[in-house]
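See structure below.
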Amino acid sequence: MDDFLELTVSAMASGCIYGLMALAYLIVLRPTSIINFAIGEWAATGAFVGVGMLSTLAWPHFEGPYILAVVAVVVVLGLLGWVVERLTVRPLLRRGAAVTSPILALLGVLVIFRESLTLIYGADPLPSPPPFGFRRIEIGPFAGASQQFFIIAVTLSLFVAVWLFFERTVWGRAFEAVALNRRAAALMGINLGRVTALAFAAGASVAGLAGLLMSPLTSAHYMMGLPLAIQGFTALVIGGVGRVEGALLGGLILAFVEQLGARYLPIPSGLTLAFPFALLILFLLLRPTGLIAPREAR
Amino acid sequence: MARRRFASALTFAMALLAGTAAAQAQDVVKIGVITDRVGSGKFYAEPVTRGIELGAKMINEKGGVLGKKIQLIIEDDQNKPDVSAAKARKLVDDGVVVIMSNTGSPATQQAQTVSLETKTPHLTPANSADTLTTQLDNPWFFQTGPLASIQLATLMTYTKARGFKKVAIVRDNSALSQSFAESFRKGLDGVGIETALEEVIPQGATSAVANLQKVRAAKVDAILQAGILGPEMLQFFRAYQQLGMKEPILGSYNLSIPAYLTMAKDLMEGVVFVDAYDETKPEAKAFRDIYVKDYKEEPSSLPAYGWDGIHLVAQAIEKAGSLDKEKVRTAIAATTGFSGAIGAKGSSWGFRNGSRSGFDPQGAVVRIIKNNQHGPVVHSGQK
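These protein sequences, in sequence, are chains D and V.
Going left to right, the first sequence walks through residues 21 to 318 as the numbering used here numbers them.
Going left to right, the second sequence walks through residues 57 to 439 as the numbering used here numbers them.
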């Protein structure tokens, strides 16, 4: 039982990271119908920007407070997302290109980001200091590392904030309206270009934050983006592309299947690699809309 | 007329420049170095290259080789086999007498096709794959790095001596880690130690808690760490600490790479690993003093491989008495009793009985990590 409770904390933390990645996909996908596979590299960029703030990379012998790193990641990644939308997506949409064109262009962006990270920060993994150390914490019957509890707390808070944004604010409603019907939303006076730019900026910020939160567990390294992109996409497919809460649910299900499977299934642990892909195929075949269906127009 | 005069002047200037270049070429001994400055092998290739650079500097300060200065020509192969062969060819075209390969064993293997074809002496000071001198019958290639089989045998001797009966192997899913684990399994079988389970932390995993819980449940005497990927190894050490585990951890020579000490800071206390460096050995002490004076930091074992490698090459060229590649090859092949910074106390390098792999079978050691540093030797050799 102790093992199960320990594993619950670990799987929840991993699931929260996957959920954030799925949310980053969703924020871009809902209003634009564009699947942005570059978000994995944005997560890696977020990790490096955060580590740069926290360690000696950018400012020798300077260890910034963690909140500075969070702000830097959100702002820098938001700007990068906005710039990427301006330079690669908008020109294509203006020319009436098919929706596959920006997806392919963003795959090019993925390569540019990864190679730039290697050139700027080198190929060595960089240690990332956790904000509250890495000691074991026990809360009731649950035990885990302080960073895992931190990830869970930050992610749940962020999901609540994003849910409130979509449900309670005019801008959130505008996003939803564009997602439901772009043409009708434009006729109602919603600025499609601005919504698209904001979606990219917000998606990049969320992905960057996921990278920063995860980096103390894995270090910041230039190869961290692709697995996160796959795990986030799988979580999105499981939870459904229509609702914020679906992203979190999908992430948690994926992480629990991965970690409980690795612990309790009588199979070689190397086979757990196949779990995300198996789930992805299963859901695409049996329930392509995911567990939580998108909201219908009201 | 003016044009003709200009052409004559240009021809004269070019001849002068060519003459100067030729004179300069004769004044130096060109040695090619293949390193990895941006790829996956950078974190071990670059420290080895630093050792070569320092060694060349010291040799030059003492008058060089055959009265000429050593000139290093360094090329980056990004640890990619195809690029490595192309870089080896470029080095040969540049007129190097010897090529030294510092990146991964597969890249060095591929570069051998060039040294064999162009008949250029080729040495790897740090690569450990046993197959480098057996897969290709290349009389121009030499290896002084500690063979994986020697390291394994040394670690197994230590494991057996500690009385461990049942162990777990933890690795990642990279090809090299898989190969390490397989060697570990065979070695453990050979000394009658049971491998209770083998856990794999896949690339991109976000937690190793499940893997380490299984290891904890198996109640093993020790854990053999066969991972090579930094992020996945970091998760191993994090989970080990988080679960409060106490089983001794024994690592491959991969843990001698200093980058892990920073990446997994405060997580590796008491971990033992195979190495080929004993800092109390007089040659290692001498190397360390020069290194610290020059680079203002403590060396790991990696630069010592490069340091020894360039000294062995310089000694062979001196013995050959010329820059003729065949003579240099013969001189390298005749090397025996070379005692450098690398290797256990009392061990020496030499290419005995026609072997092109020169590391002393008793030269590997087992060291312990203390205070985030590679600490003292706790076991030496295979006896």
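Note that the Cβ used here is the ideal one computed from N, Cα and C, for glycine as well.
Subject >> 8 angstroms Cβ cutoff met for GLU61 (chain D) and LEU107 (chain D) >> reply: no
Original post:
With 8 angstroms set as the bound, which would you pick, yes or no: does the beta-carbon of THR318 (chain V) sit closer than that to a beta-carbon of chain D?
Top reply: yes
Original post:
What's the call for GLU131 (chain V), buried or exposed, on a 16-neighbour Cβ count within 10 Å?
Top reply: buried
**OP:** Using three-state DSSP, classify ILE130 (chain V) as helix, strand or coil.
**Re:** strand
Original post:
Beta-carbon of GLY310 (chain D) versus every beta-carbon of chain V: anything under 8 angstroms?
Top reply: no
Original post:
Nearest-angstrom Cα distance between GLN251 (chain D) and GLY128 (chain D)?
Top reply: 20 angstroms
**OP:** Find the residues of chain D that neighbour LYS321 (chain V), judging by a C-beta separation of less than 7 angstroms, and give them in chain order.
**Re:** PRO147
Original post:
With a CB to CB cut of under 7 angstroms and the five nearest residues on each side skipped, what residues in its chain are close to GLY97 (chain V)?
Top reply: ASN135, THR159 and GLY160
Original post:
Along chain V, which residues have their Cβ under 7 angstroms away from the Cβ of PRO247 (chain D)?
Top reply: GLN259 and GLY260
**OP:** For LEU304 (chain D), return the contacting residues in chain V, with the cut-off set at a CB-CB distance below 9 angstroms.
**Re:** Simply none; closest approach about 20 angstroms.
Original post:
Going by C-alpha distance, which of V:PHE407, V:ALA397 and V:SER403 is nearest THR386 (chain V)?
Top reply: V:PHE407
Original post:
In chain order, what residues of the same chain lie with their CB nearer than 6 angstroms to the CB of LEU379 (chain V), ignoring the 5 residues before and after it?
Top reply: VAL153
**OP:** Below 8 angstroms on the Cβ atoms is my guess for VAL31 (chain V) versus ALA252 (chain V); work out the distance and round it to an integer in Å.
**Re:** Any answer about residue 31 (chain V) is impossible in this case: the structure gives chain V only from 57 up to 439.
Subject >> Simplified DSSP state of GLY107 (chain V), which is helix, strand or coil >> reply: helix
Subject >> Where VAL271 (chain V) falls, given that 16 or more other Cβ within 10 Å makes a residue buried >> reply: buried
Original post:
So GLN168 (chain V) is in the beta strand (DSSP E); what residue range does that whole segment cover?
Top reply: Where GLN168 (chain V) is concerned, there is no enclosing beta strand (DSSP E), although the alpha helix (DSSP H) it sits in stretches over 161 to 174.
Original post:
Going along chain D, which residues have a C-beta under 8 angstroms from ASN229 (chain V)?
Top reply: GLY290 and LEU293
**OP:** Please decide whether ALA363 (chain D) counts as near chain V, where near means a Cβ-Cβ distance under 8 angstroms.
**Re:** Examination of residue 363 (chain D) is not possible in this model, given that chain D is present from 21 through 318 alone.
Original post:
For TYR351 (chain V), does the count of other Cβ atoms within 10 angstroms reach 16, so buried, or fall short, so exposed?
Top reply: exposed
**OP:** Could you tell me which of D:GLY271, D:ILE210 and D:ALA118 sits nearest to PHE179 (chain D), measuring between CA atoms?
**Re:** D:GLY271
Original post:
Excluding the five sequence neighbours on either side, which residues of its own chain have a C-beta within less than 6 angstroms of the C-beta of ALA112 (chain V), listed in chain order?
Top reply: ILE126, LEU128 and ILE366
Subject >> Cβ neighbours of PRO161 (chain D) in the same chain (closer than 6 angstroms, five flanking residues each side left out) >> reply: LEU25
Original post:
How would you call ALA77 (chain V), buried or exposed, if buried means at least 16 neighbouring beta carbons within 10 angstroms?
Top reply: Note that ALA77 (chain V) scores 46 on pLDDT, short of 50, meaning its location in the model is unreliable; the coordinates nonetheless yield the value given after this. Classification for ALA77 (chain V): exposed.
Subject >> Candidates D:PRO308, D:ILE273, D:THR238 and D:ILE171, of which the one nearest ASN90 (chain D) by Cα >> reply: According to the sequence as given, residue 90 (chain D) is Val; it is not Asn. Among D:PRO308, D:ILE273, D:THR238 and D:ILE171, the Cα nearest to that of VAL90 (chain D) is on D:ILE171.
Original post:
Applying a beta-carbon distance threshold of less than 7 angstroms, which residues of chain D neighbour ALA315 (chain V)?
Top reply: ASP144
Original post:
Which residue or residues does DSSP assign as beta-bridge partners of TRP405 (chain V)?
Top reply: V:PHE394
Original post:
At a Cβ cut of 7 angstroms, what residues of the segment 261 to 295 of chain V count as close to chain D, listed as they run along the chain?
Top reply: THR262, SER263, VAL265, ALA266, ASN267, GLN269, LYS270, GLY286, PRO287, LEU290, GLN291 and ARG294
**OP:** Go through its chain and collect everything with a Cβ distance to LEU317 (chain V)'s Cβ below 8 angstroms, but skip five positions before and after it.
**Re:** MET324, ILE425, ASN428, GLN429 and HIS430
Original post:
Considering only residues of the same chain and omitting the five flanking positions on each side of TRP102 (chain D), which have a CB-CB separation below 7 angstroms?
Top reply: ALA217, PHE220 and ALA221
Original post:
VAL96 (chain D) to ILE257 (chain V), Cα distance in whole Å?
Top reply: 32 angstroms
Original post:
If we cut at 8 angstroms on Cβ distances, does VAL89 (chain V) have a partner in chain D?
Top reply: no
Original post:
Which residue from D:ARG50, D:PHE68, D:LEU100 and D:VAL174 puts its Cα closest to that of ARG202 (chain D)?
Top reply: D:ARG50
Original post:
Would you say ILE37 (chain D) faces chain V, with C-beta separation under 8 angstroms as the test?
Top reply: yes
Original post:
Thinking C-alpha only, which one of D:GLY116, D:ALA206, D:SER121 and D:VAL215 is nearest GLY192 (chain D)?
Top reply: D:VAL215
Subject >> LEU237 (chain D): contacting residues in chain V (beta-carbon distance under 8 angstroms) >> reply: THR262, SER263, LEU290, GLN291 and ARG294
**OP:** Answer yes or no: does any C-beta atom of chain V fall closer than 8 angstroms to that of ARG283 (chain D)?
**Re:** yes
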